[in-house]
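Counting with numbering that gives the first Met the number 0, you get residues 0 to 319 for the letters of the sequence shown.
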Amino acid sequence: MYQTVKTLIISVNSSAEVFDVIGQMEWFDLIDETLRAFLIVPLYAILNEAFKRKDDFAQMVFKSLLFVFALYALFSIGVFVYGGSLIRAMNPDGMNVDAVKNYFRLETVAFVVGIATSFFQVVFVVVGKDVNFYLFLAAKCVLSVIADFILIPRMGIYGIAVSNITVNAVLAAVCFVLLSRQNCIKPSWFQKKDISVLKDWGRIGGFSGVQQFINNFIYAVMICKMVNMVAEQGNYWMANNFIWSVLLIPVMALAEMIKHDCKDGYAKLNQKAYYVISLAVIVLCAASVPLWKPYYSVLEKLPDGRADAVFSITLKLAPF
Numbered sequence: 000m001y002q003t004v005k006t007l008i009i010s011v012n013s014s015a016e017v018f019d020v021i022g023q024m025e026w027f028d029l030i031d032e033t034l035r036a037f038l039i040v041p042l043y044a045i046l047n048e049a050f051k052r053k054d055d056f057a058q059m060v061f062k063s064l065l066f067v068f069a070l071y072a073l074f075s076i077g078v079f080v081y082g083g084s085l086i087r088a089m090n091p092d093g094m095n096v097d098a099v100k101n102y103f104r105l106e107t108v109a110f111v112v113g114i115a116t117s118f119f120q121v122v123f124v125v126v127g128k129d130v131n132f133y134l135f136l137a138a139k140c141v142l143s144v145i146a147d148f149i150l151i152p153r154m155g156i157y158g159i160a161v162s163n164i165t166v167n168a169v170l171a172a173v174c175f176v177l178l179s180r181q182n183c184i185k186p187s188w189f190q191k192k193d194i195s196v197l198k199d200w201g202r203i204g205g206f207s208g209v210q211q212f213i214n215n216f217i218y219a220v221m222i223c224k225m226v227n228m229v230a231e232q233g234n235y236w237m238a239n240n241f242i243w244s245v246l247l248i249p250v251m252a253l254a255e256m257i258k259h260d261c262k263d264g265y266a267k268l269n270q271k272a273y274y275v276i277s278l279a280v281i282v283l284c285a286a287s288v289p290l291w292k293p294y295y296s297v298l299e300k301l302p303d304g305r306a307d308a309v310f311s312i313t314l315k316l317a318p319f
């Protein structure tokens, strides 16, 4: 429910145009999803295999962290430098491009720091420290709310990005220290034998990354461009956030459970239970439709006209 609190803080302390600026992060979200599909998804297979060997697991964790962080930072630098051109190309003349570009660059830094936290969460799952995984998710929500309450009223839209940078940096540092004390990460450098690991990484990551890239490219060209042309960026951002941070919470939890269970082999997965849970989530989402509009108008304090617009977009997006 963090996104609900975040939207409430923004709506109370900022003008309606701020949502349109934040909505432009949809572009970087698409890039981020593609990079994570290439870098993070293969980690479960790579680290699970290293964990079974035990002898060099801590070294493999450190080298994997270097690889993930370096590649993600490299692509992010390109986005940081050339993101302004993409923003100008995809937005109508009425958009404050300078504000979007400055916010975009700050959020890029937050995403670079955040990739380390995502990496450490995978390590917690692989070593069976699921409790740490959930504790850090809870800690992130609490710290983010506190940081947003402090920074957004003082810094406006840029306070959102600074809040993300601060929280991600704190959590990444704590995760690193915790894993170091548990002997789950040790400094090491790449060796010849790591080439085969990188090949497996490229094979798995290439498949998931290309698939995600194709999906996101079509989405960007067909959906995001149209949203920008009709100046509905902010409303779309709120609708999309509601879907991902409220409706799909059970689905994302199920996805993490499946990733964890995959370490014992695909054949051992209880697939029937996953299908039953997925069907139950769909039924619950459909039953909750009458509550969506009150959610926007009462909990997020949106004006009636904007609540109606966001509700309408949510109805169109939810089936997808």
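Here a beta-carbon is modelled for each residue, glycine too, at the ideal position from N, C-alpha and C. As the structure is a computational prediction, the values presented were derived from the model and not from experiment.
The three-state secondary structure of Ala-168, taken from DSSP, is helix. Sequence-distant partners of Lys-292 (beyond 5 residues in either direction) whose C-beta falls short of 8 angstroms from its own C-beta, in its chain, are Ala-306, Asp-307, Phe-310. With fewer than 16 other beta carbons inside 10 angstroms of its own, Pro-186 counts as exposed. Your pair Leu-34 and Tyr-71 checks out as a contact, with CB atoms roughly 6 angstroms apart and the cut at 8 angstroms. Val-78 is positioned such that its CB atom lies closer than 8 angstroms to that of Phe-27. In the DSSP annotation of this structure, the continuous segment of the alpha helix (DSSP H) that includes Trp-26 starts and ends at 24–38. Only residues of its own chain outside the window of five on either side were considered, and among them Gln-232, Gly-233, Tyr-235, Trp-236 have a CB closer than 7 angstroms to the CB of Gly-22, listed in chain order. About 5 angstroms separates the Cβ atoms of Ile-156 and Val-17, confirming a contact at the 8 angstroms cut-off. Nearest to Pro-318 by alpha-carbon distance, out of Tyr-294, Asn-239, Val-40, Ile-276, is Asn-239.
The DSSP assignment places complete alpha helix (DSSP H) segments of no fewer than 4 residues inside the region 155–203 at 156–180, in order along the chain. For Lys-315, the secondary structure class from DSSP, reduced to helix, strand or coil, is helix.
In this structure, Leu-7 places its C-beta atom within 8 angstroms of the C-beta atom of Glu-299. Contact between Val-130 and Phe-50 fails: their C-beta atoms lie close to 17 angstroms from each other, not under 8 angstroms. If you look at Lys-53, you'll find it isn't in any alpha helix (DSSP H); DSSP assigns it neither H nor E. Straight across, the Cα-Cα distance linking Leu-170 with Tyr-133 is about 13 angstroms. Taking Phe-118 as the centre and dropping the five residues before and after it, the same chain places the C-beta of Leu-64, Val-67 closer than 6 angstroms to its C-beta, in chain order. The beta carbon of Ile-45 is closer than 7 angstroms to those of Ser-63, Val-196, Asp-199, Trp-200 in its chain, skipping five residues each way along the sequence.
By the CB criterion at 8 angstroms, Cys-183 and Ala-285 fall outside the cutoff. Collapsing the DSSP output to three states places Leu-247 in coil.
In this structure, the alpha-carbon of Ile-151 lies about 32 angstroms from that of Phe-123. Rounded to the nearest whole angstrom, the CA to CA distance from Asp-97 to Leu-105 is 13 angstroms.
Here Ala-109 is buried. Its C-beta has 16 or more other C-beta atoms within 10 Å. Counting only residues of its own chain and dropping the five nearest sequence neighbours on each side, Val-121 has a CB closer than 6 angstroms to the CB of Leu-42. Here the C-alpha atom of Glu-25 lies approximately 18 angstroms from the C-alpha atom of Leu-246.
The Cβ-Cβ distance between Leu-253 and Ser-287 does not fall below 8 angstroms. In this structure, the straight-line span from the alpha carbon of Gln-181 to that of Gly-304 is close to 53 angstroms.
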